Amino acid sequence: GNIVLEHDHTFSTSGITHNGGTYTGSTELNLTGIPFNLASDFVYTDEMAPLKISQTTINGPGKFINRSTTIFHDATVNCDLINELVLNVRSTTDINNGLENKTDGILRVQGVYGHSGRLTIAEGFTNDGTIELTNNYSNASASLIITNADLINDGIIKSLTGEGGGTRLINANIVNQGNI
């Protein structure tokens, strides 16, 4: 089925299961503190307002396909994630399955007020797009950690000043075939 969003929505129940269908609308969608279970692939498109996922676990077997702006804040991703546009990671997020950052994808690890940005990826992946380590608050750090296998960079990796201060760290074995 379809869900049409006409006003900002926040879902915080015992969980949501996506069995197919589409989500449309031009308002913000917030998933906070609930399991988000993907029985089939979930595609979030650039025609929609930002999706904010906070203190939430996303489970497969379906894939999470981002074609818009999505913000993860204290999220755990237990499914394959494909980023085709903008994925902002604020605070601590763990990706425990496959990750693809496509050619037009921006994977941004961002320190924010009161929180360092930290993305931990359990498997290696190939970056075909852009990875940015930055902050939007003075002295907030940003870290990318890959625990198993390599980060193959066919795209661009940037360490940005942001609002200034804070460290930028990549803890990974990098095979660079692009630009850092």
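Convert by adding 5 to the 1-based position in the sequence shown; the result is the number in our numbering. For glycine and all other residues, C-beta sits at the position ideal for the given N, C-alpha and C. A quick note: this is a predicted structure, and the numbers were derived from the prediction, not measured.
- If you check the CB distance, L90 and R113 do not come in under 9 Å.
- Using a 10 angstroms sphere on the CB of V117, the tally of other CB atoms reaches 16 or more, which defines it as buried.
- Straight-line measurement puts the Cα of G25 at about 32 Å from the Cα of N153.
- In the displayed model, G122 falls within a strand according to three-state DSSP.
- DSSP, reduced to helix, strand and coil, places N101 outside both helices and strands of the structure shown, so it counts as coil.
- In the DSSP assignment, no residue is bridged to Q60.
- Nearest C-alpha to F69 among L43, T27, K57 and F77: L43.
- G171 has its alpha-carbon roughly 28 Å from the corresponding atom of L86.
- Just so you know, the alpha carbons of G20 and F41 end up roughly 6 Å apart.
- In the DSSP assignment, N153 falls within the unbroken beta strand (DSSP E) covering A147 to N158.
- Less than 9 Å separates the beta-carbon of L56 from that of S73.
- Straight through space, the alpha carbons of I151 and T50 are spaced by roughly 27 Å.
- In the three-state DSSP reduction, P40 falls in the strand class (E or B).
- Here T61 is buried: its Cβ has 16 or more other Cβ atoms, across all protein chains shown, within 10 Å.
- G38 and D133 have their C-alpha atoms roughly 31 Å apart.
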